[in-house]
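Chemist: This is the structure, below, for whatever I ask next.
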DNA sequence: ACCGCCGGGTGCC
DNA sequence: ACCGCCGGGTGCC
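Residue numbers (the UniProt record's numbering): 1 to 906.
Now the structure itself:
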């Protein structure tokens with residue numbers, strides 16, 4: 001198995017290099033980032049005053065330098081500390097004077113390593129490495145030499161420099177593309193070293209991979225294993241990366257990152273964990289309800305705060321606990337065989353997972369508490385923090401998966417009337433709240449949630465805390481808990497930097513301190529150091545469990561989803577529509593072919609795009625064009641006016657919900673910006689180009705571009721209010737096609753729900769009219785809606801009650817990846833997208849765990865139109881993406897022009 | 001610190 | 001002796 005050989009050993013150099021580049025990320029970097037730094041050189045200095053301090057270091061141990069401007073003896077003082085932050089000594093005065101200047105002016109970052117002499121009594125040597133940007137190199141060298149110090153610039157320094165420059169130059173090409181691959185590789189094979197599924201023989205309603213996850217989570221919570229890179233060296237604990245050692249056993253908080261793809265049941269697994277792994281590996285003791293609550297188990301979404309609160313304290317469910325019989329140290333699930341028939345799945349899970357060093361055969365007392373005991377047994381409550389949008393999902397799942405005749409106290413800490421008494425909160429089994437509420441309470445310090453010592457804190461969608469400067473991140477770090485979990489389908493979104501916050505939250509020593517993370521992991525990986533990559537992999541491996549939908553457990557797919565079938569339904573335009581369409585197409589063709597002849601397609605890209613969008617809109621409904629594109633006869637205008645108009649036109653194109661693709665990353669544009677040459681990119685992608693190319697040129701047309709000239713698009717374009725009054729409304733061939741499908745479906749089986757998807761939100765508005773006329777209950781979900789409204793709509797749609805909506809009008813890109821629309825089993829894609837992946841993603845919202853019916857996808861394509869050509873191009877697209885690694889920008893440029901020609905049949 | 005530095009004691013060999 | 005040399009006291013910033 002590859003994993004046993006080190007995960008990257010099978011890759012050749014170029015792949016590794018690409019990977020490390022990918023991991024650098026693309027986001028803007030506000031503060032000084034290690035990514036762009038180069039090594040100026042090294043300098044030997046000495047640490048003095050050792051005898052006055054307690055901090056000790058090992059041979060080769062890394063140390064940090066800390067300025068002490070307030071030192072009464074010398075305002076230039078530079079303190080030397082070990083990995084744990086204990087002071088070792090000071091930098092000798094003369095050198096400190098020079099370093100202070102460099103540090104105070106941010107000219108370089110200085111790393112220290114004690115090469116030998118670590119046991120000296122009075123002074124010890126230290127090798128200082130100076131890192132910074134090229135423009136500061138001279139100043140640093142100057143500053144040092146003016147004090148009589150000379151940097152040693154070994155060959156290693158220049159190598160690193162060359163590597164960085166090289167890496168930077170090709171970063172822009174495939175970044176977002178290989179980012180996904182890179183992260184998947186990072187998490188690849190993580191299962192191999194995890195505990196296998198323990199209970200394959202037992203038929204339990206937890207799916208195998210969920211049992212596996214539960215088992216893994218229990219091990220993480222109960223195990224006393226050292227964090228990665230630590231060794232027990234006879235009483236001392238030694239870190240093999242920083243060479244530091246400590247007397248007390250280093251411990252990360254028990255927990256980790258459950259990074260399974262969405263839809264694999266992270267929520268359910270977490271609920272199982274809460275119920276099954278309480279103190280000392282025993283299940284959560286729950287009192288039985290004598291009478292089952294007769295109150296309706298329905299609750300509303302967090303729409304009205306007060307309603308929520310009134311619902312907040314209620315028995316959610318039940319877990320029957322049998323006596324624990326623990327045989328050995330293997331985690332063990334036992335399942336009630338005589339569970340009542342109507343019990344949902346997991347409720348039958350009735351004993352526990354227990355991990356102990358070596359347990360006797362007796363129940364209870366004989367279970368060896370993992371030593372040393374990790375939990376203050378006074379802590380009993382699990383705090384779950386999630387985005388507001390999934391709050392209701394947690395309530396649903398708790399309700400659904402916990403047996404109704406047992407009392408699990410779940411308190412929804414939300415709304416103005418929430419009970420802020422920490423004593424009350426700590427008597428609950430589960431407290432559920434949102435990041436916003438938690439952050440608002442905290443406001444810099446304290447708050448009720450920070451007054452409780454939690455047994456466990458669970459961060460749902462934990463990637464939301466990836467920005468360490470965000471208030472919610474700070475608040476989260478300050479919570480007191482014995483065990484900490486991060487649930488996230490996308491633990492790393494943009495770059496390796498994202499991982500630091502998660503590591504810090506898990507208190508993975510010593511990486512919870514940014515400096516050590518940067519020095520030991522992030523910088524080495526960024527400059528393409530293979531050892532660094534290996535260390536990163538080892539680190540991730542030990543705190544993360546990640547499976548994707550395509551992962552397999554024991555040779556079987558993780559989840560078996562219902563079948564899905566895919567139809568293309570060709571739509572014939574009426575004679576009248578055809579005439580109008582051909583008119584527009586002929587006109588567009590003439591314009592574009594002129595551009596092609598002139599070789600100016602890319603320079604007139606905005607115009608070309610507008611023509612295409614117009615034709616695509618026409619295929620849906622002639623009224624979609626609206627008055628927006630009344631451009632005829634190019635009146636002479638100043639270049640500035642022209643530019644302004646082009647930008648305006650593109651704004652319309654993007655605002656219409658059309659799915660434009662970024663030429664750099666070949667994915668849908670994210671955080672769209674437009675250059676003054678009218679080409680649209682993701683902001684991070686073009687930022688990378690601007691950073692690495694001097695002078696920067698537009699990747700498409702090679703025209704000069706400037707950061708200051710980038711124009712941003714509004715994230716959400718506000719839709720003009722008001723639907724289309726039925727009087728002025730007319731139908732179109734495509735609308736008719738949809739309506740006849742919907743009517744037929746309703747006739748066959750009135751419980752089938754459908755998603756109707758379009759890129760054009762205006763088209764969705766048009767569709768409301770016939771839906772209403774035919775008496776369909778429907779809801780609508782698009783990007784302009786507030787989170788709260790979205791949640792309401794989803795809840796309404798997902799409901800199985802008789803009057804619930806049968807149709808959801810969905811804008812193609814609305815909603816995050818977490819969207820769960822399993823109530824629908826039919827998907828109607830009204831218009832083709834540039835990027836087939838976006839369509840797949842959309843279909844996945846109903847074709848996912850929880851879907852019970854076969855999913856039927858229908859794509860309406862107007863025959864003999866631009867849409868048909870788009871479908872052809874979509875098929876070729878996948879190839880292009882796969883080849884993109886080896887493709888240079890100019891090649892991609894030509895393929896883009898070819899694409900447009902193919903669309904227009906030129 | 002098995003050093004360097006400081007400053008007092010000392011002064012041919 | 002306004003030096004050299006010796007040896008004890010001393011020691012981060």
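Note that CB positions come from ideal geometry on N, CA and C, so glycine has one too.
Keep in mind that this is a model prediction, so the values were computed, not measured.
Could you tell me the boundaries of the beta strand (DSSP E) in which residue 232 lies?
Modeler: Against the first chain, residue 232 aligns to sequence position 232. 230-233 is the extent of the beta strand (DSSP E) around residue 232.
Chemist: Residue 112 lies in the beta strand (DSSP E); which residues open and close that run?
Modeler: As a working note, residue 112 is residue 112 in the first chain. 109-113 is the span of the beta strand (DSSP E), which, as asked, contains residue 112.
Chemist: Under a three-way DSSP split, which group does residue 382 fall into?
Modeler: In the first chain, counting from the first residue as 1, residue 382 sits at position 382. The answer is strand: DSSP assigns residue 382 an E or B state.
Chemist: Between which two residues does the alpha helix (DSSP H) holding residue 93 run?
Modeler: Position 93 of the first chain, counted from the start, is the residue given in the question as residue 93. It spans 93-104 - the alpha helix (DSSP H) in which residue 93 sits, taken as one unbroken run.
Chemist: Over what stretch of residues does the beta strand (DSSP E) that includes residue 209 continue unbroken?
Modeler: To locate residue 209, count along the first chain from 1; it is residue 209. Premise fails: residue 209 lies in the alpha helix (DSSP H), 208-222, not in any beta strand (DSSP E).
Chemist: If we ignore side chains and look at the alpha-carbon of each, how far apart do residue 907 and residue 565 end up?
Modeler: The first residue shown for the chain is 1 and the last is 906, placing residue 907 beyond what the model contains.
Chemist: For the beta strand (DSSP E) containing residue 753, name the first residue and the last one.
Modeler: If you number the first chain from 1, residue 753 lands on position 753. Start and end: 753-758.
Chemist: Three or more C-beta pairs under 8 Å: does that hold for the region 249-269 against the region 213-221?
Modeler: Contact between the region 249-269 and the region 213-221 is present, because at least three Cβ pairs lie under 8 Å.
Chemist: By the DSSP assignment, the alpha helix (DSSP H) with residue 836 in it spans what residues?
Modeler: Here the question's residue 836 lines up with position 836 in the first chain. Unbroken alpha helix (DSSP H) run through residue 836: 836-844.
Chemist: To the nearest angstrom, report how far apart residue 139 and residue 471 are at their CA atoms.
Modeler: Within the first chain, the letter at position 139 stands for residue 139. Within the first chain, the letter at position 471 stands for residue 471. Rounded to whole angstroms, residue 139 to residue 471 spans 36 Å at the Cα level.
Chemist: Pull up the distance between the alpha-carbon of residue 902 and that of residue 869, whole angstroms please.
Modeler: Taking the first chain and counting its residues from 1, the one referred to as residue 902 is at position 902. Taking the first chain and counting its residues from 1, the one referred to as residue 869 is at position 869. Roughly 7 Å separates the two Cα atoms.
Chemist: Quick check: the Cα distance between residue 502 and residue 236, rounded to an integer number of angstroms?
Modeler: Translated into the one-based positions of the first chain, residue 502 becomes position 502. Translated into the one-based positions of the first chain, residue 236 becomes position 236. Straight-line Cα distance between these residues: approximately 27 Å.
Chemist: Let's see if you can read the secondary structure: which residues bound the beta strand (DSSP E) around residue 518?
Modeler: If you number the first chain from 1, residue 518 lands on position 518. No beta strand (DSSP E) contains residue 518, which DSSP labels as neither H nor E.
Chemist: How many Å lie between residue 811 and residue 735 at the Cα?
Modeler: Residue 811 sits at position 811 when you count from the first residue of the first chain. Residue 735 sits at position 735 when you count from the first residue of the first chain. Near 16 Å, if we compare the C-alpha coordinates of residue 735 and residue 811.
Chemist: Ordered along the chain, which non-local residues of its own chain (more than five positions away) have a Cβ less than 6 Å from that of residue 42?
Modeler: For the purposes of this step, residue 42 is taken as the residue at position 42 of the first chain. Result list for residue 42: 127, 129, 152, in chain order.
Chemist: Skipping 5 residues on each side, what residues in its chain have a beta carbon closer than 8 Å to that of residue 745?
Modeler: Here residue 745 is taken as the residue at index 745 of the first chain, counted from 1. Counting only Cβ-Cβ distances below 8 Å, and skipping sequence neighbours, we find 752, 754, 826.
Chemist: Give the range of the alpha helix (DSSP H) segment to which residue 591 is assigned.
Modeler: As a working mapping, residue 591 is identified with position 591 in the first chain. 575-598 is the extent of the alpha helix (DSSP H) around residue 591.
Chemist: Taking all protein chains shown into account, do 16 or more other C-beta atoms lie within 10 angstroms of the C-beta of residue 211, making it buried, or fewer, making it exposed?
Modeler: As a position in the first chain, residue 211 is number 211, starting the count at 1. That one is buried.
Chemist: How big is the Cα-Cα spacing for residue 767 and residue 857?
Modeler: Working through the first chain from its first residue, we reach residue 767 at position 767. Working through the first chain from its first residue, we reach residue 857 at position 857. Distance between the alpha carbons of residue 767 and residue 857: 18 Å.
Chemist: By the 10 Å Cβ neighbour count, where 16 or more other Cβ atoms means buried, how is residue 70 classified, buried or exposed?
Modeler: The residue you call residue 70 lines up with position 70 of the first chain. Looking at its Cβ environment, which holds fewer than 16 other Cβ atoms inside 10 Å, residue 70 is exposed.
Chemist: Go ahead and pull the three-state DSSP assignment for residue 734.
Modeler: Taking the first residue of the first chain as 1, we reach residue 734 at position 734. Residue state, collapsed to three classes: helix.
Chemist: Going straight from the alpha carbon of residue 525 to that of residue 405, what length do you get?
Modeler: Your numbering for residue 525 matches position 525 in the first chain. Your numbering for residue 405 matches position 405 in the first chain. Approximately 52 Å, taken between the alpha carbons.
Chemist: Please report the distance separating the alpha-carbon of residue 484 from that of residue 476.
Modeler: Along the first chain, one-based indexing puts residue 484 at 484. Along the first chain, one-based indexing puts residue 476 at 476. Rounded to whole angstroms, residue 484 to residue 476 spans 10 Å at the Cα level.
Chemist: For residue 842, collect the residues of the same chain with a Cβ closer than 8 Å to its Cβ; drop the 5 residues on either side in sequence, then sort them by chain order.
Modeler: Mapped onto the first chain, residue 842 falls at position 842. Taken in chain order, the residues that qualify are 755, 757, 810, 812, 827, 829.
Chemist: Short of 6 Å in beta carbon distance, which residues of its chain neighbour residue 147, apart from the five on each side in sequence? Order them along the chain.
Modeler: Within the first chain, the letter at position 147 stands for residue 147. 98.
Chemist: When you compare the region 231-246 with the region 58-76, are there three or more beta-carbon pairs, one atom per stretch, that lie closer than 8 Å?
Modeler: In short, these stretches touch, since the Cβ pair count reaches three.
Chemist: Could you tell me the distance, in whole angstroms, from the CA atom of residue 623 to the CA atom of residue 779?
Modeler: Locating residue 623 in the first chain gives position 623, where the first residue counts as 1. Locating residue 779 in the first chain gives position 779, where the first residue counts as 1. Going from the Cα of residue 623 to the Cα of residue 779 covers about 22 Å.
Chemist: Looking at C-alpha atoms only, which residue of 848, 262, 44 is the closest neighbour of residue 561?
Modeler: The residue given as residue 561 occupies position 561 in the first chain. For residue 561, the nearest C-alpha among the options comes from 848.
Chemist: Under the three-state reduction of DSSP, which class applies to residue 896: helix, strand or coil?
Modeler: The residue given as residue 896 occupies position 896 in the first chain. Reduced to three states, the DSSP call for residue 896 is helix.
Chemist: For the alpha helix (DSSP H) that residue 129 lies in, which residues bound it at each end?
Modeler: Taking the first residue of the first chain as 1, we reach residue 129 at position 129. Here residue 129 belongs to no alpha helix (DSSP H); instead the beta strand (DSSP E) covers 123-132.
Chemist: Under a Cβ-count criterion, where at least 16 other Cβ atoms within 10 Å of its own Cβ denotes burial, should residue 421 be classed as buried or exposed?
Modeler: Residue mapping note: residue 421 aligns to position 421 of the first chain, counting from 1. Residue 421 comes out exposed.
Chemist: Counting pairs of beta carbons, one from the region 533-550 and one from the region 570-581, are three or more of them closer than 8 Å?
Modeler: No, the region 533-550 does not touch the region 570-581.
Chemist: Roughly how far, in whole angstroms, is the beta-carbon of residue 616 from the beta-carbon of residue 866, given that I think they are within contact range, below 8 Å?
Modeler: Counting from 1 along the first chain, the entry for residue 616 is found at position 616. Counting from 1 along the first chain, the entry for residue 866 is found at position 866. So it is a contact: roughly 6 Å between Cβ atoms.
Chemist: In chain order, which continuous runs of the beta strand (DSSP E) of length 3 or greater are located wholly inside the region 408-460?
Modeler: With a minimum length of 3 residues, the continuous beta strand (DSSP E) runs that stay inside the region 408-460 are 409-412, 430-434, 453-459.
Chemist: Between residue 905 and residue 585, what straight-line distance do the alpha-carbon atoms span, to the nearest angstrom?
Modeler: The residue given as residue 905 occupies position 905 in the first chain. The residue given as residue 585 occupies position 585 in the first chain. Computed Cα separation, rounded: 10 Å.
Chemist: With a threshold of 7 Å on Cβ separation, who are the neighbours of residue 123 within its own chain once the five nearest residues in sequence on each side are excluded?
Modeler: Here the question's residue 123 lines up with position 123 in the first chain. So the list reads 46, 47, 48, 50, once near-sequence residues are dropped.
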